[in-house]
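Below you'll find the structure, written out as structure tokens, and then a few comments.
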Amino acid sequence: MNAHRKTAAADDTATSDAATASDARKLRIRYLAAGFWIAFTWIGEGDAPAWEHALRTLVILLILPPSLLRANRHFTHKLYESARPGRVIAQLITARIVIITAAFGTSNLLGRLLDPGTAHPPVLPAIGFALLLLSIPAQIRHAHRTRARTTHPAAQPTLSAPRLMAVKLIKVTAALIAQLLLTPYLPNATYVVAAALFLTSATLGPKIHRNFLVTHPATKNEEAVRVAA
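Residue numbering for the sequence shown follows the numbering used here, starting at 1 and increasing by one per position.
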């Protein structure tokens, strides 16, 4: 009997370790993707002055975190409670696409207003939008996995938009200063700074991720659903 208990405990430990490793791997992938998007955005301004790189990137970073996090929280709760998940998943993905497109569109429009004489080729925005559409199948799978969880999303910590925005502001400011200092010495300072932004997000992001998490108080409806479950 003791042997059986030890085996069961070992199985539980192995399952827990596997889940932890899977979560850590997914977290690294998320920050790799975030770093890629930030670097992609920084390079997208081409030969624009450093301050324009910073301003356009900052506009995107100030729009995305609060809007995306609020939409994710709202639709994730609806997804958990809905009897028709397909419709809610479609609403969630549509909201994400609209928010991301609006953020990058605002940045692109700002660039045209700040520097109307410079050509703004649509290649990079088109590539970004295509990548966003290609991510839809992965978003659908993730949404179904989220719905299959046994705990209500309200019981889980979420990312804090103010904390994320503060870190992004520091990162963009540092990138601006770095490009101003490197431009006289490096002809491709834009790409060097973009690479640094990518590496910073990919390496430091997973390590400080827990500092961005907060627990929101559950509403009455969420509490009722949690008790009923």
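All C-beta atoms in this analysis are idealised placements derived from N, C-alpha and C, irrespective of residue type, glycine included. These figures come from a predicted structure and were not determined experimentally.
* Buried versus exposed, by CB contacts within 10 Å (16 or more), Q230 -> Past the edges of the chain, shown from 1 to 229, lies residue 230, and the structure says nothing about it.
* Asked: With contact counted as at least three CB pairs below 8 Å, one residue from each stretch, are the stretch 99 to 118 and the stretch 55 to 64 in contact?
  -> Touching, per the Cβ criterion.
* Which term fits L213, buried or exposed, when burial requires 16 or more other beta carbons within 10 angstroms of its beta carbon? -> Your numbering for residue 213 matches position 213 in the sequence shown. The residue in question, L213, is exposed, as its Cβ has fewer than 16 Cβ neighbours within 10 Å.
* Asked: Where does K220 fall in DSSP's three states?
  -> In the sequence shown, counting from the first residue as 1, residue 220 sits at position 220. For K220, the pLDDT reaches just 49, beneath the cut-off of 50, and the residue's location in the model is therefore unreliable, although a value from the coordinates is still provided. In the structure shown, the three-state DSSP call for K220 is helix.
* **Coarse secondary structure for T158, derived from DSSP in three states** => The residue you call residue 158 lines up with position 158 of the sequence shown. In the structure shown, T158 falls within a strand segment according to DSSP collapsed to helix, strand and coil.
* Outcome for K171 when other beta-carbon atoms lying within 10 angstroms are tallied against a minimum of 16 -> Within the sequence shown, the letter at position 171 stands for residue 171. K171 is buried by the Cβ-count criterion.
* **W37 burial status per 10 Å Cβ neighbour count (16 or more: buried)** => For the purposes of this step, residue 37 is taken as residue 37 along the sequence shown, with counting starting at 1. Buried, because 16 or more other Cβ atoms sit within 10 Å of the Cβ of W37.
* How many angstroms separate the CA atom of L131 from the CA atom of L199? -> If you number the sequence shown from 1, residue 131 lands on position 131. If you number the sequence shown from 1, residue 199 lands on position 199. One C-alpha to the other measures close to 20 Å.
* Asked: Going along the chain, which residues of its own chain have a beta-carbon closer than 7 Å to the beta-carbon of I136, five neighbours each way excluded?
  -> To locate residue 136, count along the sequence shown from 1; it is residue 136. Short of 7 Å from the beta carbon of I136, and not among the five residues preceding or following it, lie these beta carbons of its own chain, in chain order: I93.
* Asked: Where does D11 fall in DSSP's three states?
  -> By one-based count along the sequence shown, residue 11 stands at place 11. Any reading at D11 must be qualified, since the residue scores a pLDDT of 49, below 50, and its modelled position is unreliable; the value itself is stated next. When secondary structure is reduced to three states using DSSP, D11 falls in the helix class.
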